[in-house]
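Protein chains: 2
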Amino acid sequence: MKVKVATKILEANDRIARENRKIFDGAGVFVVNLMSGPGAGKTSLLEKTLAKKDGLRIGVIEGDIAGSDDAERIEIFGAPVVQINTGGACHLDANMISDVLGDLPLNELDLLFIENVGNLVCPAEFKVGEDMKVMLLSIAEGHDKPLKYPLMFQESSALVINKIDLAPYVDVDVSKIRKDALSLNPGLKMFEVSCRTGEGLDAWVQWLRETAGKHRVS
Amino acid sequence: MKVKVATKILEANDRIARENRKIFDGAGVFVVNLMSGPGAGKTSLLEKTLAKKDGLRIGVIEGDIAGSDDAERIEIFGAPVVQINTGGACHLDANMISDVLGDLPLNELDLLFIENVGNLVCPAEFKVGEDMKVMLLSIAEGHDKPLKYPLMFQESSALVINKIDLAPYVDVDVSKIRKDALSLNPGLKMFEVSCRTGEGLDAWVQWLRETAGKHRVS
Numbered sequence: 001m002k003v004k005v006a007t008k009i010l011e012a013n014d015r016i017a018r019e020n021r022k023i024f025d026g027a028g029v030f031v032v033n034l035m036s037g038p039g040a041g042k043t044s045l046l047e048k049t050l051a052k053k054d055g056l057r058i059g060v061i062e063g064d065i066a067g068s069d070d071a072e073r074i075e076i077f078g079a080p081v082v083q084i085n086t087g088g089a090c091h092l093d094a095n096m097i098s099d100v101l102g103d104l105p106l107n108e109l110d111l112l113f114i115e116n117v118g119n120l121v122c123p124a125e126f127k128v129g130e131d132m133k134v135m136l137l138s139i140a141e142g143h144d145k146p147l148k149y150p151l152m153f154q155e156s157s158a159l160v161i162n163k164i165d166l167a168p169y170v171d172v173d174v175s176k177i178r179k180d181a182l183s184l185n186p187g188l189k190m191f192e193v194s195c196r197t198g199e200g201l202d203a204w205v206q207w208l209r210e211t212a213g214k215h216r217v218s
Numbered sequence: 001m002k003v004k005v006a007t008k009i010l011e012a013n014d015r016i017a018r019e020n021r022k023i024f025d026g027a028g029v030f031v032v033n034l035m036s037g038p039g040a041g042k043t044s045l046l047e048k049t050l051a052k053k054d055g056l057r058i059g060v061i062e063g064d065i066a067g068s069d070d071a072e073r074i075e076i077f078g079a080p081v082v083q084i085n086t087g088g089a090c091h092l093d094a095n096m097i098s099d100v101l102g103d104l105p106l107n108e109l110d111l112l113f114i115e116n117v118g119n120l121v122c123p124a125e126f127k128v129g130e131d132m133k134v135m136l137l138s139i140a141e142g143h144d145k146p147l148k149y150p151l152m153f154q155e156s157s158a159l160v161i162n163k164i165d166l167a168p169y170v171d172v173d174v175s176k177i178r179k180d181a182l183s184l185n186p187g188l189k190m191f192e193v194s195c196r197t198g199e200g201l202d203a204w205v206q207w208l209r210e211t212a213g214k215h216r217v218s
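Protein chains in written order, with the working numbering: chain L, 1 to 218; chain H, 1 to 218.
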């Protein structure tokens with residue numbers, strides 16, 4: 001019975017996600033659903049990406065249970081941004097995104113980031129109309145995360161391992177993260193970065209630019 | 001409609017949680033629902049607590065989406081432990097706990113830890129029959145967490161701020177965490193610890209012993 005309800009909710013969500021995707025495609029905007037556990041550094045990654053955008057026109061939808069801190073951080077970079085407060089819900093869904101599409105200049109964007117609620121579980125189940133999912137993992141979360149939270153690693157096109165500057169101070173084996181993540185998702189693209197020191201960010205932005213560009217041409 | 005379904009699920013859950021609680025009370029065991037985001041160090045805190053247990057009889061229920069790594073880590077300390085795999089679900093519920101109660105020697109325990117799935121949102125909504133909720137926050141997650149994930153801070157009796165040894169290497173204001181957490185929950189007991197260096201753990205274990213002891217007497 002419970003499974004039936006959940007399946008219905010997911011089917012309704014997927015239908016709205018397909019409608020969102022049509023709108024994004026019509027506007028020629030490439031959409032990234034950015035997911036991680038709490039405090040892995042999603043907003044910091046967006047700040048650093050915006051600082052290196054170099055002509056790429058980026059918009060952001062911020063998802064949080066409460067507050068507008070993240071949208072304020074993004075606004076400083078002059079990017080169009082909308083804050084969604086889920087009011088308790090632990091993930092964004094397609095309907096929440098559909099509701100705010102009129103508030104963004106989609107035709108003037110190359111790339112739209114949808115920053116999901118900090119949660120390593122539920123966001124992976126709900127499509128929002130994205131072209132790809134990207135997940136972020138803080139090295140401080142430990143090397144056991146891929147095997148403990150497999151769905152998000154399986155659903156993502158890229159894994160950004162953040163806070164790599166903390167490596168000397170935590171007992172974490174990054175090679176185990178890479179190995180276990182690849183065992184779950186052999187095509188996963190991986191980056192090691194530090195939003196604090198700037199390490200590794202150029203490779204991430206370069207890949208993002210190429211990936212969004214390919215989409216535009218195709 | 002969705003709200004109605006959710007309310008029904010929560011009501012059914014609370015009923016089973018009350019039954020669990022009766023069983024725990026009958027056995028004289030004090031039950032702690034331990035919650036945090038992924039990788040904040042719940043299992044590490046349990047390891048350190050077990051190492052300092054000094055006569056306190058502690059059992060553990062481990063909740064994970066997949067895997068049994070955490071139960072294996074607890075077993076080394078000779079504590080009775082049961083692993084629950086939620087198979088995708090992002091939190092434990094009262095029914096999952098009810099199912100495993102027969103697998104633990106409740107009458108021989110003073111204290112039972114229920115380690116929830118790593119998630120800063122959903123576990124706070126589902127009672128499992130606990131006497132109190134304790135939440136753990138890794139300092140690496142940042143000082144914006146109380147205001148972004150208010151429910152868990154409101155529901156918890158104690159907040160353990162972990163990985164305090166990383167303070168020199170992250171741009172995090174611990175006093176802001178304390179201030180915002182207290183604004184949400186004025187009675188919140190707070191500890192700053194490092195499971196890596198051992199700092200602050202004696203105060204935590206001492207408080208836990210006193211709190212479980214009071215329950216036993218009352």
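Backbone N, C-alpha and C define an ideal beta-carbon position, used for all residues, glycine too.
Residue pairing for H/Leu-159: DSSP places it in a beta bridge opposite H/Met-135, H/Met-190. Check the Cα spacing between L/Ile-65 and each of H/Leu-201, H/Lys-214, H/Pro-146: the tightest is with H/Pro-146. In the DSSP annotation of this structure, the continuous segment of the alpha helix (DSSP H) that includes H/Asn-95 starts and ends at 94 to 100. One Cα belongs to H/Gly-200, the other to H/Val-32, and the distance between them is close to 19 Å. Cβ-Cβ distances below 6 Å link H/Ile-114 to Asn-33, Ile-61, Val-128 in the same chain, with the five nearest sequence neighbours on each side left out; the list follows chain order. Contact note: H/Glu-75 does not reach chain L at a C-beta cutoff of 8 Å; the least C-beta distance is about 16 Å. Selection L/Leu-46, L/Ser-157, L/Val-172, L/Met-35 evaluated against L/Gly-187 yields L/Ser-157 as nearest (Cα-Cα). Among the residues of chain H, those whose CB is under 9 Å from the CB of L/Asp-171 are Arg-196, following chain order. Under DSSP, L/Phe-30 shares a beta bridge with L/Leu-111. If you check the CB distance, H/Glu-141 and L/Gly-88 do not come in under 8 Å. The straight-line gap separating the alpha-carbon atoms of H/Val-205 and L/Phe-24 is approximately 53 Å.
In this structure, the alpha-carbon of L/Val-121 lies about 25 Å from that of L/Thr-49. Listed along the chain, the chain H residues whose CB falls inside 7 Å of the CB of L/Val-82 amount to none; the nearest CB is some 17 Å away.
In this structure, DSSP gives H/Asp-165 a helical state, which the three-state scheme calls helix.
By the C-beta density criterion, H/Thr-197 is exposed, having fewer than 16 other C-beta atoms within 10 angstroms. Taking the Cα positions, H/Lys-189 is about 6 Å away from H/Leu-159. Taking the CA atoms as reference points, L/Met-96 sits about 28 Å from L/Asn-162.
Under the criterion of beta carbons closer than 8 Å, L/Gly-63 and L/Leu-92 qualify as touching, at roughly 4 Å. Under the DSSP assignment, H/Asp-171 falls outside any beta strand (DSSP E); it carries neither an H nor an E label. In terms of beta-carbon proximity, L/Ser-68 stays away from the interface with chain H, with every pair separated by 8 Å or more. Annotation: L/Val-60 has no Cβ neighbours in chain H at a cutoff of 7 Å; minimum Cβ distance is about 16 Å. In this structure, the alpha-carbon of H/Ile-9 lies about 40 Å from that of H/Asp-171. Just so you know, the alpha carbons of H/Asp-54 and H/Phe-191 end up roughly 20 Å apart. The DSSP-derived three-state label of H/Glu-62 is strand.
Chain L has no Cβ within less than 8 Å of the Cβ of H/Asp-14.
Burial of H/Gly-118 is indicated by the presence of at least 16 other C-beta atoms within 10 angstroms of its C-beta. Straight-line spacing of the CA atoms in L/Phe-77 and L/Ala-203 works out to 21 Å. Any Cβ of chain L closer than 8 Å to the Cβ of H/Ile-65 would place that residue at the interface, and such an atom is present.
DSSP places H/Ile-76 in no alpha helix (DSSP H); its state is neither H nor E. Under the DSSP assignment, H/Thr-49 falls in the alpha helix (DSSP H) whose first and last residues are 42 to 51. For H/Thr-43, the number of other beta carbons within 10 angstroms of its own is at least 16, and it is reported as buried. Straight through space, the alpha carbons of L/Leu-111 and L/Gly-213 are spaced by roughly 9 Å. Distance from the Cα of H/Ser-138 is smallest, within the candidate group H/Ile-164, H/Asn-116, H/Asp-14, for H/Ile-164.
DSSP places H/Ser-183 within a helical segment (H, G or I) once states are collapsed to three. The closest CA to that of H/Asn-85, considering only H/Val-134, H/Met-152, H/Val-100, H/Arg-73, is found on H/Val-100. Where L/Lys-148 is concerned, the enclosing alpha helix (DSSP H) starts and stops at 145 to 148.
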